[in-house]
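Same order as they appear, the protein sequences are chains A and B. The letter at position 165 of the first sequence is residue 191 when you use our numbering, and the numbering goes up by one with no holes. The letter at position 2 of the second sequence is residue 120 when you use our numbering, and the numbering goes up by one with no holes. Built from N, CA and C at the ideal position, the CB exists for glycine as well.
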Amino acid sequence: MFQDIRDVVLVGTLILGLTCGLFSVILVLKSQSMMGEVLSHATYPGVVLAFVLTQSAQLVHLIAGAMVANGVAIAFTHALKNTTTLKSDTILAIVLSSFFGIGRFIVSVFSRQPGFGQITRLDDFIFGSAATIVESDVHIIIIVSAMSILFLILTYSSLKMMLFDAVYAKSVMNTSKIIDFLLLVLLSLVIVVGARLVGTILMIALLVIPALIARQWSAHFAYNFMIAGAIGSLTTVVGVLISFKMENMPTGPIIVIVAFAILGVSIVSRLFVAWLGGIGFKKIKYLKQVGVVHE
Amino acid sequence: MIQTLAIALIISISCAYLGSFLFLRKMILITDALSHTVLLGIVVTYIIVQDMASMWMLFGASVVGVITVVMIESLTKIKLMKEDAAIATVYAFLFSVSIALISTHLRHTLLSKYALFGNLEFAAFRQVNVFGNIEVSLTLIYSAMLLLVLFILGTLFFKQLMITTFDALYAAHAGITVILVHYGLMSLVSLTIVSSFQALGVILVITMMVAPIATVHFYVLSIRKRIALAIVIAMFNVLLGFFIAIVVLEARANIASTIAAVSFFTFVLSWIFSPHQGLFAIVLRKQSLQNKIYRDFIFKILVPLQAEGVPKYVFYQQGLCAKKISQTIQVMLKAGWISKSEDKFYITSTGVSKCSVM
């Protein structure tokens with residue numbers, strides 16, 4: 027189908043960026059971006075454990091392990107939130123850093139054992155590397171993305187209701203818990219798949235920045251989705267292209283830097299437009315009235 | 119080996135001490151962001167100075183720490199963005215800049231590997247002579263100095279720290295510069311992170327800061343006791359982590375991440391088994407409260423009808439859990455507080471005295 031493996035990777039990243047952009051809107055509106063961070067950090071020990079148990083670096087096995095770890099992390103977070111008086115930021119910090127530490131611990135234990143030499147290859151999951159992606163990985167990315175996008179389209183109106191008035195949504199429909207659960211499952215799937223490309227630590231940027239950019243341009247829910255999706259795919263594609271050009275450059279950082287640059291431009295232009303619309307125009311009008319500026 | 123242990127102990131004490139204040143001030147998330155972004159200061163200073171252990175490192179890291187805080191605050195001020203989203207954005211950006219710099223400029227240096235994940239074993243490598251002939255590691259000296267500074271500042275400004283933490287408005291009225299305390303604390307955090315990055319790596323520092331104080335949270339309430347106990351627990355974590363990494367796993371494991379894992383497990387164990395706020399304690403307390411309520415309920419029915427007696431069905435007509443009521447009746451019969459004759463229940467004299475005591 028494709029001439030070059032790079033085309034395959036580009037298609038994969040484009041679709042992944044789109045999905046991440048869509049999810050970012052939900053995550054930011056729910057102000058759960060830290061949950062995304064916990065999930066992305068918890069991916070690492072899951073991947074490592076799956077590798078140790080199955081001794082294969084197949085993406086499917088790694089995804090299974092990461093999903094289990096994500097489930098454990100979510101369970102821990104919820105249990106701690108419900109049974110202790112700890113603040114939620116403390117809980118998140120403890121869970122995410124400890125899970126990451128446990129992952130490092132397992133890697134360091136097994137890295138010097140015979141038969142586990144390939145375990146250092148899992149470092150790809152920390153910073154991501156588009157260069158080592160194979161075609162089957164891209165297939166998985168496409169499947170996951172298609173599932174997520176389909177889910178978002180099907181539950182669009184319910185999601186909108188849940189985001190803006192959770193109590194009302196709970197009272198009028200009995201599927202809100204199921205939708206919440208499915209959302210979490212799909213989110214962790216996307217994070218795990220994306221971690222292969224962007225890395226676990228920087229995955230959070232892809233899950234936050236597109237929505238922030240979209241928020242600067244539009245206050246409409248549907249437009250937010252569209253802009254965030256477009257920005258997500260744009261940044262990932264540009265990032266991957268740059269990292270192909272530059273030797274030794276991991277993909278994740280480049281994508282984040284590109285995304286942050288777009289965010290900066292958006293904020294500045296929004297502020298500028300606001301200045302024009304507010305003070306700027308008024309000032310010009312006043313100056314005209316006074317007679318300093320003429321038509 | 120002794121020096122490595124000493125470094126780990128000293129760093130863990132500083133982290134736990136500082137972490138207690140951050141925990142109270144709800145600044146854990148910003149600290150988490152700082153622990154990632156300080157890497158940028160380290161990398162940039164390293165590219166300029168080409169020295170891992172220079173004082174410039176501390177300077178660069180504190181500058182980047184302040185930049186991080188300022189960026190987060192200004193992003194939050196622009197509106198349309200909550201604080202957690204701003205924190206995530208800023209830390210991801212600064213962290214990726216430093217990773218990009220590492221992979222283009224410093225690919226083959228020691229920094230690239232150990233700044234991120236840390237290596238206690240190598241932290242003790244660089245040694246200098248002090249007092250003539252005693253070889254002491256540079257990291258040890260730096261971290262000991264930092265601990266001293268932290269303790270001195272913490273004791274001197276304890277009052278100011280507490281007042282600004284609990285009532286910032288009052289503190290401002292009382293003439294304390296709240297902003298100064300805030301930024302001072304933030305630069306101390308950056309200093310701590312940068313002085314421990316060689317040993318722990320920037321990512322695991324946050325565990326050392328949060329885990330001890332969160333563990334202590336389950337045991338005591340007073341702040342001074344909490345800080346003291348947090349330091350003790352941090353030292354215990356380090357010793358246990360060392361023991362597991364060196365003795366049990368025969369030096370195959372990375373010590374820093376072993377300590378992080380151990381910290382997590384002490385936290386989880388305290389959460390489950392702590393005597394006052396642990397899961398088991400809460401369940402037991404709820405159970406005993408429920409028992410007491412059911413007992414009182416039965417007493418309440420029996421006491422006015424001491425002479426007549428009460429048939430069994432009366433207890434079940436009050437809308438409480440039937441199973442629990444029959445259990446409670448069995449227990450009370452066994453204890454001799456109530457007696458049963460001809461399908462009617464009577465309160466006994468011991469029951470009356472018990473009831474009046476309650």
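request  = Can you say whether arginine 161 of chain A is buried or exposed, counting buried as having 16 or more other CB atoms within 10 angstroms of its CB?
outcome  = Taking the first residue of the first sequence as 1, we reach residue 161 of chain A at position 135. For the record, residue 161 of chain A in the displayed sequence is glutamate; it is not arginine. Counting Cβ neighbours within 10 Å, glutamate 161 of chain A comes out exposed, since fewer than 16 surround it.
task = Compare the C-alpha of tyrosine 209 of chain B against each of A/Val73, A/Leu228, A/Phe136 and A/Gly255 and name the closest.
result = The sequence position of residue 209 of chain B within the second sequence is 91, counting from 1. Of all alpha-carbon atoms in A/Val73, A/Leu228, A/Phe136 and A/Gly255, the one lying nearest the alpha-carbon of tyrosine 209 of chain B is that of A/Leu228.
inquiry  = Is there a Cβ of chain A sitting closer than 8 Å to that of valine 215 of chain B, yes or no?
reply    = Position 97 of the second sequence, counted from the first residue, corresponds to residue 215 of chain B. Yes, valine 215 of chain B counts as interfacial toward chain A.
query = Who are the Cβ neighbours of isoleucine 341 of chain B in its own chain at under 8 Å, not counting the five residues just before and after it?
reply = Walking along the second sequence from the start, residue 341 of chain B turns up at place 223. Correct list, in chain order: Ser138, Leu142 and Met280.
query = In chain A, which residues lie with their C-beta within 9 Å of the C-beta of methionine 385 of chain B?
reply = Position 267 of the second sequence, counted from the first residue, corresponds to residue 385 of chain B. The question names methionine, but residue 385 of chain B is phenylalanine in the sequence shown. Chain A residues near phenylalanine 385 of chain B: Ile120 and Ser124.
ask   = Checking contacts by CB at 8 Å: is arginine 370 of chain B closer than that to chain A?
value = Translated into positions along the second sequence, residue 370 of chain B becomes position 252. True, the Cβ-Cβ gap to chain A drops below 8 Å.
Per-residue burial, serine 153 of chain B [other beta carbons within 10 Å of its own, 16 or more giving buried] = By one-based count along the second sequence, residue 153 of chain B stands at place 35. Serine 153 of chain B is classed as buried because its beta carbon has at least 16 other beta carbons within 10 Å across all chains shown.
ask   = Can a CB atom of chain A be found closer than 8 Å to the CB of threonine 273 of chain B?
value = The sequence position of residue 273 of chain B within the second sequence is 155, counting from 1. Cβ-Cβ to chain A under 8 Å: no for threonine 273 of chain B.
ask   = Using a Cβ-Cβ distance under 8 Å, would methionine 175 of chain B count as near chain A?
value = Residue mapping note: residue 175 of chain B aligns to position 57 of the second sequence, counting from 1. Among the CB atoms of chain A, none fall inside 8 Å of the CB of methionine 175 of chain B.
query = So which of B/Trp455, B/Ser459, B/Phe269 and B/Phe361 has the shortest CA-CA distance to leucine 303 of chain B?
reply = Numbered from 1 along the second sequence, position 185 holds the residue referred to as residue 303 of chain B. Looking at the Cα atoms, B/Phe269 is the closest of the given residues.
query = DSSP state of isoleucine 131 of chain B, grouped into three classes?
reply = Position 13 of the second sequence, counting from 1, holds the residue named residue 131 of chain B. Reduced to three states, the DSSP call for isoleucine 131 of chain B is helix.
ask   = At least one CB of chain B closer than 8 Å to the CB of asparagine 200 of chain A: is that the case?
value = On the first sequence, residue 200 of chain A is found 174 positions in, with the first residue counted as 1. No, because no Cβ of chain B sits closer than 8 Å to the Cβ of asparagine 200 of chain A.
query = Does the stretch 246-262 of chain A come within contact of the stretch 66-85 of chain A, defined as at least 3 CB pairs closer than 8 Å?
reply = Taking a cut-off of 8 Å for Cβ pairs, the stretch 246-262 of chain A and the stretch 66-85 of chain A do not touch, as fewer than three such pairs fall below it.
query = Less than 8 Å separating the beta-carbons of alanine 204 of chain B and proline 279 of chain A?
reply = Taking the second sequence and counting its residues from 1, one reaches residue 204 of chain B at position 86. Taking the first sequence and counting its residues from 1, one reaches residue 279 of chain A at position 253. In terms of Cβ geometry, alanine 204 of chain B and proline 279 of chain A do not form a close pair [threshold 8 Å].
message = Strictly below 7 Å CB to CB, what residues from chain B border glutamine 242 of chain A?
response = Here the question's residue 242 of chain A lines up with position 216 in the first sequence. Within 7 Å Cβ-Cβ: Leu198.
request  = Would you mind sorting tyrosine 431 of chain B into buried or exposed? The rule is 16 or more other CB atoms within 10 Å of its CB.
outcome  = Against the second sequence, residue 431 of chain B aligns to sequence position 313. Exposed is the call here.
task = Kindly give me the distance between the Cβ atoms of methionine 199 of chain B and leucine 238 of chain A, rounded to whole angstroms, as I take these residues to be in contact under 8 Å.
result = Residue 199 of chain B sits at position 81 when you count from the first residue of the second sequence. Residue 238 of chain A sits at position 212 when you count from the first residue of the first sequence. Your pair methionine 199 of chain B and leucine 238 of chain A checks out as a contact, with CB atoms roughly 6 Å apart and the cut at 8 Å.
inquiry  = Starting from serine 457 of chain B, trace the beta strand (DSSP E) in both directions and tell me its first and last residue.
reply    = Looking up residue 457 of chain B in the second sequence gives position 339. For serine 457 of chain B, the enclosing beta strand (DSSP E) stretches over residues 456-459.
key: Simplified DSSP assignment, three categories, for threonine 122 of chain B   = Within the second sequence, numbered from 1, the residue matching residue 122 of chain B stands at position 4. The answer is helix: DSSP assigns threonine 122 of chain B an H, G or I state.
ask   = Along chain A, in chain order, which residues have C-beta atoms closer than 7 Å to that of serine 130 of chain B?
value = For this step, residue 130 of chain B is matched to residue 12 along the second sequence. Here the premise fails: no neighbours, minimum Cβ distance about 13 Å.
inquiry  = Pairs of beta-carbons, one from the stretch 28-48 of chain A and one from the stretch 260-277 of chain A, closer than 8 Å: are there three or more?
reply    = Contact between the stretch 28-48 of chain A and the stretch 260-277 of chain A is present, because at least three Cβ pairs lie under 8 Å.
query = Is there at least one Cβ from chain B nearer than 8 Å to methionine 275 of chain A's Cβ?
reply = If you number the first sequence from 1, residue 275 of chain A lands on position 249. Yes, its Cβ sits closer than 8 Å to a Cβ of chain B.
ask   = Alpha carbon to alpha carbon, how far is proline 422 of chain B from isoleucine 456 of chain B?
value = For the purposes of this step, residue 422 of chain B is taken as residue 304 along the second sequence, with counting starting at 1. For the purposes of this step, residue 456 of chain B is taken as residue 338 along the second sequence, with counting starting at 1. When rounded, the separation of the alpha-carbon atoms in proline 422 of chain B and isoleucine 456 of chain B is 14 Å.
ask   = Any idea which residues DSSP pairs valine 219 of chain A with across the strands?
value = To locate residue 219 of chain A, count along the first sequence from 1; it is residue 193. Its beta-bridge partners do not exist; DSSP assigns none.
request  = Reducing DSSP to helix, strand and coil, say where tyrosine 312 of chain A ends up.
outcome  = As a first step, residue 312 of chain A is located in the first sequence; it is residue number 286 there, counting from the start. Secondary structure of tyrosine 312 of chain A (DSSP, three-state): helix.
task = Check whether the Cβ of valine 326 of chain A lies closer than 8 Å to any Cβ atom in chain B.
result = No answer is possible for residue 326 of chain A: the residues shown for chain A start at 27 and end at 321.
query = Is any beta-carbon of chain B found at less than 8 Å from that of aspartate 191 of chain A?
reply = Locating residue 191 of chain A in the first sequence gives position 165, counting from the first residue. Not one chain B Cβ lies under 8 Å of aspartate 191 of chain A.
inquiry  = If I follow the unbroken alpha helix (DSSP H) through tyrosine 249 of chain A, where does it start and stop?
reply    = Start at 1 with the first residue of the first sequence, and residue 249 of chain A comes out as number 223. Tyrosine 249 of chain A -> alpha helix (DSSP H) spans 247-271.
key: Which of helix, strand or coil DSSP assigns to isoleucine 160 of chain B   = Taking the second sequence and counting its residues from 1, the one referred to as residue 160 of chain B is at position 42. Residue state, collapsed to three classes: helix.
Three-way DSSP call (helix, strand, coil) for serine 295 of chain A in this model = Position 269 of the first sequence, counted from the start, is the residue given in the question as residue 295 of chain A. Here serine 295 of chain A sits in helix by DSSP.
inquiry  = Run through chain A and tell me which residues come within less than 7 Å of isoleucine 146 of chain B, C-beta to C-beta.
reply    = For the purposes of this step, residue 146 of chain B is taken as residue 28 along the second sequence, with counting starting at 1. Within chain A, the residues placing a beta-carbon under 7 Å from that of isoleucine 146 of chain B are Asp115, Thr116 and Ala119, ordered along the chain.
key: Contact check, glycine 154 of chain A vs valine 218 of chain A, beta carbons under 8 Å   = Against the first sequence, residue 154 of chain A aligns to sequence position 128. Against the first sequence, residue 218 of chain A aligns to sequence position 192. No, these two residues do not count as a Cβ contact at 8 Å.
query = Mind pulling the chain A residues with CB within less than 7 Å of histidine 335 of chain B?
reply = To locate residue 335 of chain B, count along the second sequence from 1; it is residue 217. The answer, in chain order, is Leu112.
ask   = Applying the criterion that 16 or more other CB atoms from any shown protein chain within 10 Å of the CB defines a buried residue, is tyrosine 288 of chain B buried or exposed?
value = Against the second sequence, residue 288 of chain B aligns to sequence position 170. Exposed, since its Cβ has fewer than 16 Cβ neighbours within 10 Å.
inquiry  = Tell me the residue span of the beta strand (DSSP E) that contains lysine 418 of chain B.
reply    = Taking the first residue of the second sequence as position 1, residue 418 of chain B is located at position 300. Note, lysine 418 of chain B: premise wrong, no beta strand (DSSP E); alpha helix (DSSP H) at 397-420.
ask   = Between the C-alpha atoms of glycine 72 of chain A and valine 51 of chain A, what's the straight-line distance to the nearest angstrom?
value = The residue labelled residue 72 of chain A in the question sits at position 46 within the first sequence. The residue labelled residue 51 of chain A in the question sits at position 25 within the first sequence. Roughly 26 Å between the two C-alpha positions.
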